[in-house]
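Engineer: Handing you a structure now.
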Amino acid sequence: MTVTADRDAVFLAGIGEIAETIAAVHADDVDRNARFPIEAVTALREQRAFSALVPTEHGGDGVSFRAIAAACFTLGRRCGATAMVFAMHQIQVATIVRHAEGAPYFEEYLRALVAEQRLIASVTSEVGTGGDMSRSVAALTPAADGRSSFEKQAPTVSYGGYADDLLTTLRAHPDAAPGEQVAVLHRTDATTMEPSGTWDPLGMRGTCSPGFTVTAEVAAEQVLPAPFSAIAPETMVPVSHILWSHVWLGIATDAFDRARAFVRAAARRAPGEPVPAAVKLSHVMTQLSMLRGEVHRALDEYVAAADDRERLGTMAFALHVNNLKLAASEQVPRVCQGAMGVCGIVGFKNDTPFSIGRHLRDAMSASLMVANDRLHQTNAGLLLIAKEV
Ligand SMILES: Cc1cc2nc3c(=O)[nH]c(=O)nc-3n(C[C@H](O)[C@H](O)[C@H](O)COP(=O)(O)OP(=O)(O)OC[C@H]3O[C@@H](n4cnc5c(N)ncnc54)[C@H](O)[C@@H]3O)c2cc1C
Numbered sequence: 161m162t163v164t165a166d167r168d169a170v171f172l173a174g175i176g177e178i179a180e181t182i183a184a185v186h187a188d189d190v191d192r193n194a195r196f197p198i199e200a201v202t203a204l205r206e207q208r209a210f211s212a213l214v215p216t217e218h219g220g221d222g223v224s225f226r227a228i229a230a231a232c233f234t235l236g237r238r239c240g241a242t243a244m245v246f247a248m249h250q251i252q253v254a255t256i257v258r259h260a261e262g263a264p265y266f267e268e269y270l271r272a273l274v275a276e277q278r279l280i281a282s283v284t285s286e287v288g289t290g291g292d293m294s295r296s297v298a299a300l301t302p303a304a305d306g307r308s309s310f311e312k313q314a315p316t317v318s319y320g321g322y323a324d325d326l327l328t329t330l331r332a333h334p335d336a337a338p339g340e341q342v343a344v345l346h347r348t349d350a351t352t353m354e355p356s357g358t359w360d361p362l363g364m365r366g367t368c369s370p371g372f373t374v375t376a377e378v379a380a381e382q383v384l385p386a387p388f389s390a391i392a393p394e395t396m397v398p399v400s401h402i403l404w405s406h407v408w409l410g411i412a413t414d415a416f417d418r419a420r421a422f423v424r425a426a427a428r429r430a431p432g433e434p435v436p437a438a439v440k441l442s443h444v445m446t447q448l449s450m451l452r453g454e455v456h457r458a459l460d461e462y463v464a465a466a467d468d469r470e471r472l473g474t475m476a477f478a479l480h481v482n483n484l485k486l487a488a489s490e491q492v493p494r495v496c497q498g499a500m501g502v503c504g505i506v507g508f509k510n511d512t513p514f515s516i517g518r519h520l521r522d523a524m525s526a527s528l529m530v531a532n533d534r535l536h537q538t539n540a541g542l543l544l545i546a547k548e549v
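Note that this note's numbering has the sequence shown beginning at 161, numbered continuously upward.
So, in structure tokens, the structure goes:
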């Protein structure tokens with residue numbers, strides 16, 4: 161076994177234990193009360209999972225991106241909200257690791273992240289731009305002593321009330337065009353976060369994602385050195401789409417497993433008799449395997465291209481990662497609804513071993529985490545001009 165494989169195996173064994181013994185136990189309560197999955201998040205912190213992706217030279221565990229994706233899947237099978245919090249944090253870590261090379265502030269920050277297991281939330285969406293993360297309204301504005309300030313109206317900040325740090329996109333300066341953006345890292349204890357709404361949604365209730373007016377003053381060194389126009393296509397967009405879709409695959413897989421358990425229980429009750437729902441289960445398996453195939457294909461493509469910045473900047477790659485998000489987010493509710501169709505009323509009820517309600521509701525968030533219509537529109541434009549698809 162290589163050192164990386166060994167690290168990955170140890171990391172994933174710990175994640176599996178947390179998923180089974182903690183996340184699964186509290187998932188329904190987290191969902192019912194739209195409360196933060198504090199038990200699972202605390203366990204992840206104790207296991208140093210927040211810095212798993214940080215390279216060993218910065219004191220982290222140097223776990224592979226494949227293992228992080230597998231962890232999103234494993235957690236997603238037991239609690240979609242825990243998995244999504246974990247995934248969103250890892251997206252911010254991947255962004256910092258890949259785009260802050262040689263910047264002393266961020267190298268110091270990575271050491272603090274490892275030591276303190278800091279949790280990072282994302283402030284990309286903005287009132288006025290919706291889910292279009294390639295545009296910002298709020299701008300970094302010069303303040304006293306060479307510092308800059310900003311105020312951003314954020315419609316949705318997942319676990320904003322629980323995060324230690326925020327990675328926020330802004331226009332680079334007051335005269336910058338909407339697409340001339342930077343990403344800024346700032347501590348929540350040096351930020352004013354005025355709630356601008358509540359969080360009582362259909363699904364992904366445990367992500368605790370209300371809106372906030374986010375106000376802070378930052379030093380120049382807190383701005384990631386790479387422009388956001390490079391960060392988004394090379395890291396933030398592909399990593400988001402891959403990790404989110406692993407979470408969704410986890411949710412869909414558990415819905416399928418519950419439907420299979422229902423069919424097997426029915427078969428045991430009447431040995432030798434046909435189980436009508438078994439054929440429906442076979443149809444759900446077909447849908448699930450298409451989802452799994454697309455998710456794994458996209459992961460392989462990204463891992464193969466991760467160090468090839470030229471490849472990551474191609475239209476073909478952008479099309480593929482957008483297509484992953486579109487295909488996966490459209491497929492996950494289909495699988496969950498199919499699983500509910502297999503289980504019938506015991507799948508519809510919230511308090512049976514075959515309940516699919518939480519899965520289906522969590523799955524409904526997938527097409528909204530950056531509206532699919534926006535991505536379809538982007539891909540429609542790219543399809544007209546891309547030489548290679
Ligand atoms: C569970 C969850 C957690 C989230 N957490 C965070 C977070 O932590 N941080 C963060 O920054 N964001 C987060 N988001 C994302 C954020 O909430 C939304 O992406 C953002 O608020 C945009 O909302 P919207 O879909 O209403 O806006 P829009 O994207 O403006 O969409 C509104 C409507 O207009 C349509 N539309 C918009 N633009 C186009 C277009 N170009 N072409 C065609 N149709 C279009 C859409 O289809 C949709 O029907 C989260 C979302 C969810 C579901």
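Ideal Cβ placement from N, Cα and C applies to all residues, glycine included.
(1) Under 7 angstroms: does the beta carbon of Val283 sit that close to some heavy atom of ligand 1?
(2) Taking the alpha carbon of Ala345 as the reference point, which residue from Val423, Met364, Leu270 has its own alpha carbon closest?
(3) Please find out if some non-hydrogen atom of ligand 1 comes closer than 7 angstroms to the beta-carbon of Pro315.
(4) Jot down the residue ranges of each uninterrupted alpha helix (DSSP H) in the region 446-482, minimum 4 residues, whole runs only, in chain order.
(5) Quick one: Cα of Ala487 to Cα of Asp305, how far?
(6) Cβ of Arg534 within 7 angstroms of any heavy atom in ligand 1?
(7) Determine the burial state of Pro370: buried for a count of at least 16 other Cβ atoms within 10 Å of its Cβ, exposed for fewer.
(8) Could you work out which residue in Leu543, Glu180, Ala380, Ser211 is closest to Gly240 when comparing CA atoms only?
(9) Can you give me the start and stop residues for the beta strand (DSSP E) that Leu326 sits inside?
(10) Could you tell me whether the Cβ atoms of Asp191 and Arg365 are closer together than 8 angstroms?
(11) Whole angstroms are fine: how far does the CA of Ala426 sit from the CA of Arg534?
(12) Would you kindly work out how many angstroms separate the C-alpha atoms of Asp349 and Gly517, rounded to a whole number?
(13) On a Cα-Cα basis, can you pick out the residue from Ile505, Glu548, Phe310 that is closest to Glu377?
(14) How many whole angstroms separate the CB atoms of Ala466 and His480, which I take to be in contact at a CB cut-off of 8 angstroms?
(15) Closer than 7 angstroms: is that where the CB of Ala531 sits relative to any heavy atom of ligand 1?
(16) Would you kindly work out how many angstroms separate the C-alpha atoms of Pro208 and Ile175, rounded to a whole number?
(17) Would the C-beta of Gly176 count as close to ligand 1, meaning under 7 angstroms from any of its heavy atoms?
(18) Can we count Gly290 as close to ligand 1, meaning its CB is less than 7 angstroms from some heavy atom?
(19) Which class does Lys547 belong to by DSSP, given the choice of helix, strand or coil?
(20) State the Cα-Cα distance for the pair Thr512 and Ala499, rounded to the nearest angstrom.
Structural biologist: According to the structure data:
(1) If you number the sequence shown from 1, residue 283 lands on position 123. Correct: Val283 has its Cβ closer than 7 angstroms to ligand 1.
(2) In the sequence shown, residue 345 corresponds to position 185, counting from 1. First, the amino acid is wrong: residue 345 is Leu here, not Ala. When only C-alpha atoms are compared, the closest one is Leu270.
(3) As a first step, residue 315 is located in the sequence shown; it is residue number 155 there, counting from the start. Yes.
(4) 469-472
(5) If you number the sequence shown from 1, residue 487 lands on position 327. If you number the sequence shown from 1, residue 305 lands on position 145. Roughly 48 angstroms between the two C-alpha positions.
(6) In the sequence shown, counting from the first residue as 1, residue 534 sits at position 374. Yes, the Cβ of Arg534 comes within 7 angstroms of a heavy atom of ligand 1.
(7) Indexing the sequence shown from 1 puts residue 370 at position 210. With a threshold of 16 other beta carbon atoms within 10 Å, Pro370 meets it and is buried.
(8) Mapped onto the sequence shown, residue 240 falls at position 80. With distances taken between Cα atoms, Gly240 lies closest to Glu180.
(9) Looking up residue 326 in the sequence shown gives position 166. Per DSSP, Leu326 belongs to the beta strand (DSSP E) from 325-331.
(10) On the sequence shown, residue 191 is found 31 positions in, with the first residue counted as 1. On the sequence shown, residue 365 is found 205 positions in, with the first residue counted as 1. In contact: Asp191 and Arg365 (Cβ atoms closer than 8 angstroms).
(11) As a first step, residue 534 must be located in the sequence shown, where it is residue number 374. As a first step, residue 426 must be located in the sequence shown, where it is residue number 266. If you take the alpha carbons of Arg534 and Ala426, they lie about 44 angstroms apart.
(12) Residue numbering aside, residue 349 sits at position 189 when the sequence shown is read from its first letter. Residue numbering aside, residue 517 sits at position 357 when the sequence shown is read from its first letter. If I take the Cα positions, the gap works out to 37 angstroms.
(13) As a working mapping, residue 377 is identified with position 217 in the sequence shown. Of the listed residues, the one whose Cα sits closest to Glu377 is Phe310.
(14) As a working note, residue 466 is residue 306 in the sequence shown. As a working note, residue 480 is residue 320 in the sequence shown. Wrong, their Cβ atoms sit about 14 angstroms apart, outside the cutoff.
(15) Indexing the sequence shown from 1 puts residue 531 at position 371. Yes, ligand 1 has a heavy atom inside 7 angstroms of this Cβ.
(16) As a position in the sequence shown, residue 208 is number 48, starting the count at 1. As a position in the sequence shown, residue 175 is number 15, starting the count at 1. Looking at the sequence itself, residue 208 is Arg, so the reference to Pro does not match. Distance between the alpha carbons of Arg208 and Ile175: 11 angstroms.
(17) Residue 176 sits at position 16 when you count from the first residue of the sequence shown. It does not: the Cβ of Gly176 is nowhere closer than 7 angstroms to a heavy atom of ligand 1.
(18) Residue mapping note: residue 290 aligns to position 130 of the sequence shown, counting from 1. Result yes, Cβ under 7 angstroms from ligand 1.
(19) Within the sequence shown, numbered from 1, the residue matching residue 547 stands at position 387. Coil at Lys547, not helix or strand.
(20) Numbered from its first residue, the sequence shown carries residue 512 at position 352. Numbered from its first residue, the sequence shown carries residue 499 at position 339. The alpha-carbon atoms of Thr512 and Ala499 are separated by roughly 14 angstroms.
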